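Protein chains: 2
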Amino acid sequence: MKGTVGELGEFGLIRELTSRLTTTPAVRLGPGDDAAVITAPDRRVVASTDVLIEGRHFRRDWSTAYDVGRKSAAQNLADIAAMGAVPTALLLGLVVPAELPVTWPAELMDGLRDEAQVAGAAVVGGDVVRGDVITIAITALGDLQGHDPVTRSGARPGDVVAVTGWLGWSAAGHAVLSRGFRSPRAFVEAHRRPEPPYQAGPAAAGLGATSMTDISDGLVADLGHVAESSKVRIDLHAAAFDIPTQMSDIGKAVGVDPLQWVLTGGEDHALVATFPRGRQLPARWRVIGEVQAMSATPQVTVDGKPWLAAGGWDHFGSDE
Amino acid sequence: MKGTVGELGEFGLIRELTSRLTTTPAVRLGPGDDAAVITAPDRRVVASTDVLIEGRHFRRDWSTAYDVGRKSAAQNLADIAAMGAVPTALLLGLVVPAELPVTWPAELMDGLRDEAQVAGAAVVGGDVVRGDVITIAITALGDLQGHDPVTRSGARPGDVVAVTGWLGWSAAGHAVLSRGFRSPRAFVEAHRRPEPPYQAGPAAAGLGATSMTDISDGLVADLGHVAESSKVRIDLHAAAFDIPTQMSDIGKAVGVDPLQWVLTGGEDHALVATFPRGRQLPARWRVIGEVQAMSATPQVTVDGKPWLAAGGWDHFGSDE
Numbered sequence: 235m236k237g238t239v240g241e242l243g244e245f246g247l248i249r250e251l252t253s254r255l256t257t258t259p260a261v262r263l264g265p266g267d268d269a270a271v272i273t274a275p276d277r278r279v280v281a282s283t284d285v286l287i288e289g290r291h292f293r294r295d296w297s298t299a300y301d302v303g304r305k306s307a308a309q310n311l312a313d314i315a316a317m318g319a320v321p322t323a324l325l326l327g328l329v330v331p332a333e334l335p336v337t338w339p340a341e342l343m344d345g346l347r348d349e350a351q352v353a354g355a356a357v358v359g360g361d362v363v364r365g366d367v368i369t370i371a372i373t374a375l376g377d378l379q380g381h382d383p384v385t386r387s388g389a390r391p392g393d394v395v396a397v398t399g400w401l402g403w404s405a406a407g408h409a410v411l412s413r414g415f416r417s418p419r420a421f422v423e424a425h426r427r428p429e430p431p432y433q434a435g436p437a438a439a440g441l442g443a444t445s446m447t448d449i450s451d452g453l454v455a456d457l458g459h460v461a462e463s464s465k466v467r468i469d470l471h472a473a474a475f476d477i478p479t480q481m482s483d484i485g486k487a488v489g490v491d492p493l494q495w496v497l498t499g500g501e502d503h504a505l506v507a508t509f510p511r512g513r514q515l516p517a518r519w520r521v522i523g524e525v526q527a528m529s530a531t532p533q534v535t536v537d538g539k540p541w542l543a544a545g546g547w548d549h550f551g552s553d554e
Numbered sequence: 235m236k237g238t239v240g241e242l243g244e245f246g247l248i249r250e251l252t253s254r255l256t257t258t259p260a261v262r263l264g265p266g267d268d269a270a271v272i273t274a275p276d277r278r279v280v281a282s283t284d285v286l287i288e289g290r291h292f293r294r295d296w297s298t299a300y301d302v303g304r305k306s307a308a309q310n311l312a313d314i315a316a317m318g319a320v321p322t323a324l325l326l327g328l329v330v331p332a333e334l335p336v337t338w339p340a341e342l343m344d345g346l347r348d349e350a351q352v353a354g355a356a357v358v359g360g361d362v363v364r365g366d367v368i369t370i371a372i373t374a375l376g377d378l379q380g381h382d383p384v385t386r387s388g389a390r391p392g393d394v395v396a397v398t399g400w401l402g403w404s405a406a407g408h409a410v411l412s413r414g415f416r417s418p419r420a421f422v423e424a425h426r427r428p429e430p431p432y433q434a435g436p437a438a439a440g441l442g443a444t445s446m447t448d449i450s451d452g453l454v455a456d457l458g459h460v461a462e463s464s465k466v467r468i469d470l471h472a473a474a475f476d477i478p479t480q481m482s483d484i485g486k487a488v489g490v491d492p493l494q495w496v497l498t499g500g501e502d503h504a505l506v507a508t509f510p511r512g513r514q515l516p517a518r519w520r521v522i523g524e525v526q527a528m529s530a531t532p533q534v535t536v537d538g539k540p541w542l543a544a545g546g547w548d549h550f551g552s553d554e
């Protein structure tokens, strides 16, 4: 596979990309027609769209095309899992410069395919156009398998807050990469390729989760959306977080309290959910706080106090 | 509504955009959560994604934001109709520069909403990020209502080829605009805001259409995909096309055979389908040719001969 996407042309590129795909029994009609057809056994379909732009959401010098594919897919598939649904399909809207080597979108597609497979889904279609900046728009679909969707608005005072997946690993990896290092590898890898706990999403729906979201902007920020939607206050317990030694070491090396990464680091796409108190939770869920009656802002506190450095990103903010 | 999207910020912009939306009974959960939930009564969902970029697929000096919204939605909703499905939902991935006035994405959203409404669908979610070039990635979903999907691969020798919707109007409008004119208004409007015959899609599935596609790259080019997928040859009859007098007049004025626009003009998003010979078709369908056994290329001919100027676009071609 040689040359640029401009040399290969639109139809050649589409052929190259679709030739890499695999399918699942849910895919009734894959790429190549006006639209794809996917089963929706539940008679409802869950759908979410995310957009990633080079230089903003990923860097070609930090991540391979394959890793960007894995990460782009993961981010969107996690949204489906966070509703309590099983991912079924991905659609890709891709903008690529004409001078980009064909290997880049090809390896991106390999990454999308493999991450979809981890989640049980398949890439079923998309669109490729030429433009100056690599832009990746992904839509993920999923099936609720008879469960009610788990929204952000169902948390009730008295519920416990529990999390599953990695917390702060991507942020720690980002801190390492930003300073020009390539290790510790586990954290760099976590930044390049998050591992959302897909199966925990539908399982949480089965466990009676009252609310759920995936952590993309940071735990405190994303729980802020839950608190706002549910009209409750959420208090987290700092001691409930288990900071890995290696993460503490990185924190010392770069002068950052690692709890900051855990509480405000996004992109690990862990799942945070609320459950009725007393509900028996599998070991993968760690209880980190509780839901309380609404009070004045801030709606999310740590040990009863505002988390001063709490954040998340405003993608249009000027300080980025 | 004043200021730029950068001043309003990500969450402010999302609030502004979602406040403009309407809903339908198919929308179980709209924007504001990790994902939307839409009914899929047929137990299958039809899904298609398209990407439009400023300067490439639309121009802000030629089209209002509202018209770009109508057109972007139409293009994608037509793909759903072309499968024989009823559109249910749109998701929007939007890239906007920070310095863009908020009115632009707001009016874009109005256009998306209104076109979705024409097709019976609703905008249910999306993502907005900051970037240098306005980029619009739309995913449309639809329901087959018990019909088999009408693909591009089912045309059989002996079938008739029929079309419904506008042909060449957008291309004639483009020719007018390219020369700095703003009239005849009907053609300019057709370019700015196509009117796909949404209801004809599911109706064609009910009429037993053997293949169908929407015309986005031009009739000859899109029928080429049908011929290739169905392994047949398609012959069109030039005399079957009714060229409006006004289109002929524009052709004379700009030195273009208007049949060229009819045969190769895309973006009207008319529907072209094949039906078993003898099938009684409603008046909205005009028979324009017939399906024959496969032969050497070209697979699509006009009165038995290759259409020399036949085209469509290769979005990565260098001559654009």
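Protein sequence lines correspond, in order, to chains F and Z.
Residues 235 to 554 (my numbering) make up the first sequence, in order.
Residues 235 to 554 (my numbering) make up the second sequence, in order.
C-beta: ideal position from N, C-alpha, C; glycine also.
Quantities reported herein were computed from a predicted structural model and do not represent experimental measurements.
Using a Cβ-Cβ cut-off of 8 Å, residue 278 (chain F) is close to 262, 271, 272, 273 and 274 of chain Z, given in chain order. With distances taken between CA atoms, residue 523 (chain F) lies nearest to F:472 out of F:491, F:272 and F:472. Inclusion of residue 283 (chain F) and residue 329 (chain Z) in the CB contact set at 8 Å is not warranted, their separation being larger than that value.
The C-beta separation of residue 375 (chain F) from residue 323 (chain F) comes to about 4 Å, placing the pair in contact by the 8 Å criterion. Where residue 248 (chain Z) is concerned, there is no enclosing beta strand (DSSP E), although the alpha helix (DSSP H) around it starts and stops at 239 to 252. In this chain, the alpha helix (DSSP H) harbouring residue 479 (chain F) covers 479 to 488. For residue 524 (chain F), the uninterrupted beta strand (DSSP E) segment begins and ends at 520 to 527. The beta carbon of residue 304 (chain F) sits closer than 6 Å to the beta carbons of 345, 349 and 427 from its chain, once the five residues preceding and following it are set aside; these are given in chain order. Annotation: the continuous alpha helix (DSSP H) that includes residue 406 (chain F) extends over 403 to 412. The beta carbons of residue 302 (chain F) and residue 409 (chain F) sit no closer together than 8 Å. Of all residues in the segment 306 to 321 of chain F, only 313, 314, 316 and 317 come within less than 7 Å of chain Z when Cβ atoms are compared, listed by chain position. Fully enclosed beta strand (DSSP E) runs of no fewer than 3 residues occupy 261 to 263, 270 to 273 and 278 to 287 of the segment 245 to 318 of chain F, in order along the chain. Exclusion of the five residues before and after residue 537 (chain F) leaves 472 as the residues of its chain whose Cβ lies within less than 6 Å of its Cβ.
Classified as buried, residue 393 (chain Z) has 16 or more neighbouring CB atoms from the shown chains inside 10 Å of its CB. DSSP places residue 359 (chain Z) within a strand segment (E or B) once states are collapsed to three. The segment 394 to 404 of chain F makes contact with the segment 504 to 514 of chain F; the number of CB pairs closer than 8 Å reaches 3 or more. Under the 8 Å Cβ criterion, the segment 428 to 441 of chain Z counts as touching the segment 312 to 321 of chain Z, having at least three qualifying pairs.
Your pair residue 451 (chain Z) and residue 500 (chain Z) checks out as a contact, with CB atoms roughly 5 Å apart and the cut at 8 Å.
Residue Z:366 holds the alpha-carbon nearest to the alpha-carbon of residue 290 (chain F) among Z:351, Z:366 and Z:257. Around the beta carbon of residue 440 (chain F), a 10 Å sphere encloses fewer than 16 other beta carbons of the protein chains shown; the residue is thus reported as exposed. Residue 384 (chain Z) is positioned such that its CB atom lies closer than 8 Å to that of residue 446 (chain Z). A direct Cα-to-Cα measurement between residue 480 (chain Z) and residue 518 (chain Z) gives close to 21 Å. Sixteen is the threshold: since fewer than 16 other Cβ atoms of the shown chains lie within 10 Å of the Cβ of residue 235 (chain F), the residue is exposed.
Counting along the chain, the unbroken beta strand (DSSP E) around residue 509 (chain F) starts and ends at 505 to 509. Sequence-distant partners of residue 359 (chain F) (beyond 5 residues in either direction) whose C-beta falls short of 6 Å from its own C-beta, in its chain, are 265, 270 and 325. With respect to chain F, the C-beta atom of residue 449 (chain Z) has no partner C-beta closer than 8 Å.
Distance between residue 403 (chain Z) and residue 386 (chain F), taken at the CA atoms: about 47 Å.
Residue 253 (chain F) and residue 338 (chain F) have their C-alpha atoms some 15 Å from each other. Rounded to the nearest whole angstrom, the C-alpha separation of residue 296 (chain Z) and residue 422 (chain Z) is 9 Å. In terms of Cα proximity to residue 259 (chain F), the closest of F:464, F:321, F:246 and F:251 is F:321. Per DSSP, residue 339 (chain Z) is one residue of the alpha helix (DSSP H) stretching across 337 to 353. When the beta-carbon positions are compared, residue 273 (chain Z) and residue 467 (chain F) stay at least 8 Å from each other. About 5 Å separates the beta carbons of residue 356 (chain Z) and residue 261 (chain Z), which is inside the 8 Å limit, making them a contact pair.
Of Z:527, Z:390 and Z:490, the smallest CA-CA separation from residue 444 (chain Z) is found for Z:390.
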